[in-house]
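In terms of the UniProt record's numbering, the sequence shown opens at residue 1 and continues consecutively.
In this text, a Cβ means the ideal position worked out from N, Cα and C, and glycines have one as well.
Everything numeric in this text was worked out from a predicted model, so none of it was measured.
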Amino acid sequence: MTNQQNVVVLDVISCGVRNVLPPSSLPVAKSFSPQDLKMLLMKKLETEKGGTKINAWLDSMRASSPTRIRSTTAASLPETDDRSSWIVHHPSALSMFEQIVAASRGKQIVMFLDYDGTLSPIVEDPDRAFMPKEMRATVRDVARYFPTAIVTGRCRDKVYSFVKLAGLYYAGSHGMDIKGPSKSCKYKKGNQGVLFQAASEFLPMIDEVYRALVEKTKSIPGTRVENNKFCVSVHFRCVDEKSWVALAEQVRSVLNEYPKLKLTQGRKVLEIRPTIKWDKGRALEFLLETLGYANSNDVLPVYIGDDRSDEDAFKVLRERRQGFGILVSKLPKETNASYSLQEPAEVKEFLRRLVDWKKMSRRAAKCA
Ligand SMILES: [Mg+2]
Numbered sequence: 001m002t003n004q005q006n007v008v009v010l011d012v013i014s015c016g017v018r019n020v021l022p023p024s025s026l027p028v029a030k031s032f033s034p035q036d037l038k039m040l041l042m043k044k045l046e047t048e049k050g051g052t053k054i055n056a057w058l059d060s061m062r063a064s065s066p067t068r069i070r071s072t073t074a075a076s077l078p079e080t081d082d083r084s085s086w087i088v089h090h091p092s093a094l095s096m097f098e099q100i101v102a103a104s105r106g107k108q109i110v111m112f113l114d115y116d117g118t119l120s121p122i123v124e125d126p127d128r129a130f131m132p133k134e135m136r137a138t139v140r141d142v143a144r145y146f147p148t149a150i151v152t153g154r155c156r157d158k159v160y161s162f163v164k165l166a167g168l169y170y171a172g173s174h175g176m177d178i179k180g181p182s183k184s185c186k187y188k189k190g191n192q193g194v195l196f197q198a199a200s201e202f203l204p205m206i207d208e209v210y211r212a213l214v215e216k217t218k219s220i221p222g223t224r225v226e227n228n229k230f231c232v233s234v235h236f237r238c239v240d241e242k243s244w245v246a247l248a249e250q251v252r253s254v255l256n257e258y259p260k261l262k263l264t265q266g267r268k269v270l271e272i273r274p275t276i277k278w279d280k281g282r283a284l285e286f287l288l289e290t291l292g293y294a295n296s297n298d299v300l301p302v303y304i305g306d307d308r309s310d311e312d313a314f315k316v317l318r319e320r321r322q323g324f325g326i327l328v329s330k331l332p333k334e335t336n337a338s339y340s341l342q343e344p345a346e347v348k349e350f351l352r353r354l355v356d357w358k359k360m361s362r363r364a365a366k367c368a
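The structure is reproduced here in structure tokens:
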């Protein structure tokens, strides 16, 4: 599927994703590793609503806190593990750079980049998560050499207002709202404009839930509710931990009224989104298909992200046995990523090295 205008629109499930799903997005039967089982437990806590005890929500909220070195939840590592043993299994993408580029020989690298905590630092006010100038220049260069997509939980327009680069693909609302490059770019292939959107029936519902959450949480100091078009984020990084129970109860009371919405969690954020089978992993597959790499071995997708929601994309890459997931984290975490980077500054260094390597290989090819 290289030309999106030729595809038929279809509903995947009753509450609707519109557009074509890649064949690879169909569920795959598999046996579960202990790591998979831990992830599944966390997912279960996230997706249950009415019957879930608030304690389970709180444990999950604590697990998402980047300030805790150790946590006691299912997604954390055993106490005996430390960073040095974790890094053996998830080595730095900088130290493995040569191996990564060697794996791309004869293949097209496609870059997928989360935004918050990956390209921009995590800040207290989500409206001020600006991207440093040098990072923007680096991402611009990356997009010159490789098809590049920003994949974020944010509203697509909002993340564009931060990134401000026209030659990229943007997948907002956890991939439920995807748009192609808006300016001439060799990877555009007629893919400008909106390529994928969740069914518009969710828009008034999300608006309603956003307003209800603003109202219900206004008594809890530090809460920040953000309307991300196809999902709503309730940020609690500025909320005193003593108020987390109250916050979880208020969010649950709103969510109970909307059976077509579910809760997921990120770093100090509760996210409410449609119960459709669509996430950052499906968005990655959709974009690969859009770029013409659906069933191709000539592609090396690289996905860099720091959040729980990025695990869906890391998992897809593992299942496809294709490309690499790179987790941005200073702390050991259960992850499906292959490699790690500690912070956005290291992401910038990795991307810069990738651009420099590509420039050098082109020069060498011309001289040969
Ligand atoms: Mg992030």
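Reference Gly175; option with closest CA among Phe230, Phe146, Phe162: Measuring from the Cα of Gly175, the nearest candidate turns out to be Phe230.
Between the Cα of Trp357 and those of Arg83, Leu94, Ser60, spot the shortest distance and give me the residue it belongs to.
Minimum Cα distance to Trp357 is reached at Leu94.
Residue range of the beta strand (DSSP E) that includes Leu265: Here residue 265 is Gln; the residue named in the question, Leu, does not match the sequence. Under the DSSP assignment, Gln265 falls in the beta strand (DSSP E) whose first and last residues are 261–266.
- Enumerated in chain order, which unbroken segments of the beta strand (DSSP E) with a length of 3 residues or greater are wholly contained in the stretch 288–336? Counting only runs of 3+ residues, the beta strand (DSSP E) found wholly inside the stretch 288–336 occupies 299–305, 324–328, in chain order.
Near ligand 1, which residues have their beta-carbon closer than 6 Å to a heavy atom?
-> Those satisfying the condition are, in chain order, Asp114, Asp116, Gly117, Thr118, Gly305, Asp306, Asp307.
**Message:** Could you tell me the alpha carbon to alpha carbon distance between Leu203 and Met135, rounded to whole angstroms?
**Reply:** Cα atoms of Leu203 and Met135: separation of roughly 32 Å, rounded to the nearest angstrom.
Measure the C-alpha to C-alpha separation of Gly266 and Ala365 and round it to an integer number of angstroms.
-> So the alpha carbons of these two residues sit roughly 43 Å apart.
From this set, Glu257, Tyr293, Ser253, Ser233, which residue's C-alpha is nearest Thr264's C-alpha?
For the options Glu257, Tyr293, Ser253, Ser233, the alpha carbon positioned closest to that of Thr264 is the one of Ser233.
Quick check on the DSSP output: the beta strand (DSSP E) that includes Arg273 runs from which residue to which? Where Arg273 is concerned, the enclosing beta strand (DSSP E) stretches over 269–274.
Since Ser233 is in the beta strand (DSSP E), which residue starts that stretch and which ends it?
Element bounds for Ser233: 232–235.
Using DSSP with H/G/I as helix, E/B as strand and the rest coil, what is Lys30? Caution applies to Lys30, whose pLDDT of 42 falls short of 50 and renders its modelled position unreliable; the value that the coordinates give is listed next. Correct three-state label for Lys30: coil.
query = For Phe130, does the three-state DSSP call read helix, strand or coil?
reply = The DSSP-derived three-state label of Phe130 is coil.
One question on the structure: do Gly167 and Pro147 come within less than 7 Å of each other, judged by their Cβ atoms?
In this structure, Gly167 lies away from Pro147, with their beta-carbon atoms at least 7 Å apart.
* Asked: Distance, Cα to Cα, Phe324 vs Lys179?
  -> So the alpha carbons of these two residues sit roughly 23 Å apart.
Looking at Ala198: is its Cβ nearer than 7 Å to the Cβ of Leu287?
Taking 7 Å as the Cβ cut-off, Ala198 and Leu287 do not qualify as a contacting pair.
Subject >> At least three beta-carbon pairs within less than 8 Å, the stretch 243–260 to the stretch 283–299 >> reply: Touching, no, given that fewer than three Cβ pairs across the two stretches are closer than 8 Å.
Review point. With a cut-off of 8 Å, do at least 3 Cβ pairs link the stretch 118–133 to the stretch 159–166?
Key: With the rule of 3 Cβ pairs closer than 8 Å, the stretch 118–133 counts as touching the stretch 159–166.
Fill in: CB contact check: Val88 to chain C, cutoff 7 Å
Given the protein chain composition of this structure (a single chain), no chain C is represented.
Note to self: Tell me whether the stretch 95–106 and the stretch 136–144 touch, counting them as touching only if at least three CB pairs, one residue from each stretch, are closer than 8 Å.
What the structure shows: When Cβ pairs closer than 8 Å are counted between the two stretches, the stretch 95–106 is seen not to touch the stretch 136–144, the count staying below three.
Check: Can at least three beta-carbon pairs, one atom from the stretch 300–314 and one from the stretch 111–119, be found at a separation below 8 Å?
Finding: Contact between the stretch 300–314 and the stretch 111–119 is present, because at least three Cβ pairs lie under 8 Å.
Contact under 7 Å by Cβ, Arg154 with Asn228
Yes, Cβ-Cβ distance for Arg154 and Asn228 is below 7 Å.
Exercise for review: Note down the Cα distance separating Leu354 from Leu291, rounded to an integer number of angstroms.
Suggested key: Approximately 20 Å, taken between the alpha carbons.
Of the residues Lys218, Lys260, Lys268, Glu215, the one placed nearest Glu241, counting alpha carbons only:
Checked all of Lys218, Lys260, Lys268, Glu215; the closest Cα to Glu241 is Lys268.
Practice prompt. Just the C-alpha distance for His90 and Val347, rounded to the nearest angstrom, thanks.
Written response: Between His90 and Val347, the C-alpha separation is close to 15 Å.
Worksheet item: Alpha carbon to alpha carbon, what distance is there between Glu215 and Lys333?
Response: Counting only the Cα atoms, Glu215 lies some 35 Å from Lys333.
Nearest-angstrom beta carbon gap, Gln99 and Asp298 [assumed within contact, 8 Å]: Contact between Asp298 and Gln99 is ruled out by a C-beta separation of about 19 Å, above the 8 Å threshold.
#### Entry: Lys260 versus Glu201 - alpha carbon distance
Looking at the two C-alpha atoms, the distance is approximately 11 Å.
For Arg363, does the count of other Cβ atoms within 10 angstroms reach 16, so buried, or fall short, so exposed?
-> When all chains shown are included, Arg363 counts as exposed.
Could you check if Val151 is buried or exposed, using at least 16 other CB atoms within 10 Å of its CB as the buried criterion? If you draw a 10 Å sphere on the C-beta of Val151, you find 16 or more other C-beta atoms in it, and that means buried.
Q.
What does the alpha-carbon distance come out to for the pair Lys218 and Phe97?
A. Rounded to whole angstroms, Lys218 to Phe97 spans 47 Å at the Cα level.
Check: Expressed to the nearest angstrom, what Euclidean distance is found between the alpha-carbon atoms of Val225 and Tyr210?
Finding: Going from the Cα of Val225 to the Cα of Tyr210 covers about 7 Å.
- Query: Of the residues Arg144, Lys280, Cys238, Asp177, which one's Cα is nearest the Cα of Asp312?
  - Reply: Ranking Arg144, Lys280, Cys238, Asp177 by Cα distance to Asp312 puts Lys280 first.
Which residue wins for smallest C-alpha separation from Leu331, given the options Gln322, Trp244, Ser84, Ile54? Among Gln322, Trp244, Ser84, Ile54, the Cα nearest to that of Leu331 is on Ser84.
Open item on the list: Taking its Cβ as the centre, do 16 or more other Cβ atoms sit within 10 Å of Ile69, making it buried, or is it exposed?
Closed with: Any reading at Ile69 must be qualified, since the residue scores a pLDDT of 40, below 50, and its modelled position is unreliable; the value itself is stated next. Ile69 is exposed by the Cβ-count criterion.
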